[in-house]
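Each residue of the sequence shown is one higher than the last, beginning at 1 in UniProt numbering. Have a look at the structure below, then the notes.
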Amino acid sequence: MKQPVRILMLIILMFPALCEAQEKLAGVDLKNHLWYKNSIIYNLEVGVFKDSDGDGRGDFQGLIEKLDYIRALGVDAIWLAPFQPSPGKDDGYDVADFYGVDEKLGTSGDFAELVFQAEKRGLRVIMDLVINHTSDQHPWFKNARKSKDSKYRDWYIWSDKLPKDYDKGMVFPGVQKAVWKLDSLSGQYYYHRFYDFQPDLNFANPDVVTESQKIIGYWLNHGISGFRLDAVPFIIEVPKTGSEKPKLDYKFLMDIRQFAQSRKADVAILGEANVMPEENQNYFGKNGEGMQMMFNFFANQHLFYALATGKLDPFKKAISETQTIPEASQWAHFLRNHDEIDLGRLTDKQRQEVYDKFGPDTSMQLYDRGIRRRLATMLGNNRKHMELAYSLLFSLPGTAVIRYGDELGMGDDLRLKERISVRTPMQWTSDKNAGFTTADTAFRPVIDFGDYSYKKINVEQQLRDSASMLNWTTELIKLRKSCPEIGLGTYKVIEAGSPYVFAIQYEHEGKSLLILHNFSDQPQQSTFNLTGNKALTDLMQKEDQNASSGKYNIKLRGYGYKWFRLK
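The structure is reproduced here in structure tokens:
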């Protein structure tokens, strides 16, 4: 063999190893690029998690003190709600400086220490990226108002006249009255999808796109592993093409993904996009070149219909309709988050059925489409029903996201405004102010009444009780982590022989998993066939099953659930 040919073959044979070595030199492990596929994400707000200095508000140092608690749960990543400087009119989502840390929560040094301490414990940190709008107190907007010649004028969206669709496409109907507001200084109207103190940025302006990339690069340089991209459909709206059905620029999502990965190869972007199944490809990208993850709002809304009524067909259909996504892409599933439960994709009749069960009083409802309660209160503190819901969450195809306090069964405070009802301080102990703060009063009241009072529901008590919701959830997370088929494999919904039983089967690298959930409060018999008549190894209660005459017959108690591995 001639020397040049030998050299060429040697290069070809060594190419994979050379690429891997290059990645390692760049500080990237190829195996970690898809870390989000088999992770559990824990969502919290720094201001309501733990106060370290006695001023009544949570802070980064307080969160650092509780990292061992979060690690002990078994989660992989912490998703932080907005912590940047803000007037606080929308609980931090009205950002006044994208490059800073709110002094009420600590300093940039405190944030750096949080990331360091989290990494020591094997925890990643992802953050809310709220770039579709700014606070009206942001220096950009203040400058933009002064003159049409301002550098920042075209960073926002303006109109000389009040558009005819000024009251269409509101994010907060029933609370919000318009999406355009007359600015007293400029004499023009500015566009705001959200509250009028949150003017929308104009992403048709290349300077705004460039600035958004700088923001992403800045926080990646500070150790962030990913972003929860807020209000994605509104970011990619093409300005002045209609408030209800605007044109959308999906290329922005591909560009932002490409930029983020050029700075940090294993970064993950989790999009908040409540869209129909036929639109999914636009956000994930045809070949997965868009956002890596999206919340599955479509399935979530039909899940709550199933939890409320026991009627499974719409939920099973939603799971099937959201099945086809690129291989590297991933759904994020959740039960509750920091907002209301959005039921806008349900029919009027279906939505009313959910209201009747989970939010019968109008004080529990919000924005003409949702419910502003925590899961435990909606389910009447019924432990069996709560276990069913969380067992299902961790068994759904994708990445599970849990909300701080839900591992305890925390409740809500409907006396608080709008979505703040589900953003009360974490309940650590039965001491004053739930051990959240040593101050006389917390900046936001702790729940100190009824069945969900911190005196009845708190971390300290539940850690001591082996049968507590906290310890049960910890064990469930451990089980989920031992079943990578859910995050990495393929799946199919199985006909379970009962209208109340949801059965799903996973396959991955020769391993198979079968999980059953009974949505009825009455016992159910599930009868079904599986190819190969394999033995079912019970992963929770050690009640293994075998086929009889080619069929499996599984008994499930009311709100019961079973996790099996096929052998």
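Backbone N, C-alpha and C fix where the C-beta goes; we use that ideal spot for every residue, glycine too.
Helix, strand or coil for residue i per DSSP?
i: Glu452; result: According to the sequence as given, residue 452 is Tyr; it is not Glu. Looking at Tyr452 - three-state DSSP - the assignment turns out to be helix.
i: Lys384; result: helix
i: Glu507; result: strand
i: Val401; result: strand
i: Ser526; result: strand
i: Asn553; result: strand
i: Met294; result: strand
i: Asp544; result: coil
i: Trp331; result: strand
i: Met127; result: strand
i: Arg336; result: coil
i: Lys24; result: Any reading at Lys24 needs caution, since the residue's pLDDT is 45, under 50, leaving its predicted position unreliable; the model's value is listed next. Helix at Lys24.
i: Ser262; result: helix
i: Leu539; result: coil
i: Pro314; result: helix
i: Arg228; result: strand
i: Thr210; result: helix
i: Gly169; result: coil
i: Ile457; result: coil
i: Ser147; result: coil
i: Ile341; result: strand
i: Ser512; result: strand
i: Val48; result: helix
i: Phe358; result: helix
i: Leu30; result: Because the pLDDT at Leu30 is just 45, under 50, the model does not fix this residue reliably, and the point stays unresolved.
i: Val422; result: helix
i: Thr531; result: coil
i: Asp68; result: helix
With a cut-off of 8 Å on the beta carbons, I'd call residue i and residue j a contact; round off their distance for me.
i: Asp200; j: Tyr189; result: So it is not a contact: roughly 12 Å between Cβ atoms.
i: Gly401; j: Phe334; result: Note on identity: in this sequence residue 401 is Val, with Gly being the wrong assignment. The Cβ separation is near 4 Å, so the contact holds.
i: Arg374; j: Asp412; result: 5 Å
i: Tyr250; j: Asn282; result: 5 Å
i: Gln292; j: Gln330; result: 6 Å
i: Ile131; j: Ile41; result: That belief does not hold up - the Cβ atoms of Ile131 and Ile41 are roughly 20 Å apart, past 8 Å.
i: Phe284; j: Arg345; result: 18 Å between Cβ atoms; not a contact.
i: Gly527; j: Asn553; result: Strictly speaking, residue 527 in this sequence is Thr, with Gly absent from that position. With a Cβ gap of about 5 Å, Thr527 and Asn553 count as contacting.
i: Tyr36; j: Ala376; result: That belief does not hold up - the Cβ atoms of Tyr36 and Ala376 are roughly 27 Å apart, past 8 Å.
i: Arg369; j: Asp342; result: 6 Å
Within 10 angstroms of its Cβ, does residue i collect 16 or more other Cβ (buried), or is it exposed?
i: Pro523; result: exposed
i: residue 570; result: Any property of residue 570 remains undetermined from this structure, which presents the chain solely from 1 to 567.
i: Val238; result: exposed
i: Glu327; result: exposed
i: Leu514; result: buried
i: residue 568; result: This structure leaves residue 568 out entirely; the chain is present only between 1 and 567.
i: Arg557; result: exposed
i: Phe564; result: buried
i: Gln462; result: buried
i: Gln541; result: exposed
i: Tyr218; result: exposed
i: Phe519; result: buried
i: Thr490; result: exposed
i: Ala231; result: buried
i: Pro360; result: exposed
i: Tyr195; result: buried
i: Met294; result: buried
i: Arg464; result: exposed
i: Asp356; result: exposed
i: Asn546; result: exposed
Going by DSSP, name the residue or residues bridged to residue i.
i: Ser159; result: Tyr189
i: Tyr561; result: His517
i: Trp180; result: Tyr191
i: Asn43; result: Trp79 and Arg403
i: Glu237; result: Leu248
i: Leu366; result: Gly370
i: Asp200; result: His133
i: Ile494; result: Ala503
i: Gly271; result: Leu229 and Met294
i: Leu566; result: Leu536
i: Asp91; result: Beta-bridge pairing links Asp91 to no other residue.
Within 8 Å: the Cβ of residue i and any heavy atom of the ligand SAM?
i: Ser466; result: Ligands in the displayed structure: none, and consequently the ligand SAM is not present.
Output yes if chain D places a C-beta closer than 9 Å to the C-beta of residue i; else output no.
i: Ser329; result: Included in the structure is just one protein chain, with no chain D present.
Inter-stretch contact (C-beta, 8 Å, three-pair minimum) for the segment 54 to 69 and the segment 103 to 122: yes
Stretch-stretch touch, CB-based, cutoff 8 Å, three pairs: the segment 77 to 92 with the segment 480 to 490: no
Validate contact between the segment 202 to 211 and the segment 249 to 266 using beta carbons, cut 8 Å, 3 pairs: yes
Three or more C-beta pairs below 8 Å linking the segment 89 to 101 and the segment 163 to 182: no
Inter-stretch contact at 8 Å, needing at least 3 Cβ pairs: the segment 69 to 76 / the segment 109 to 117: no
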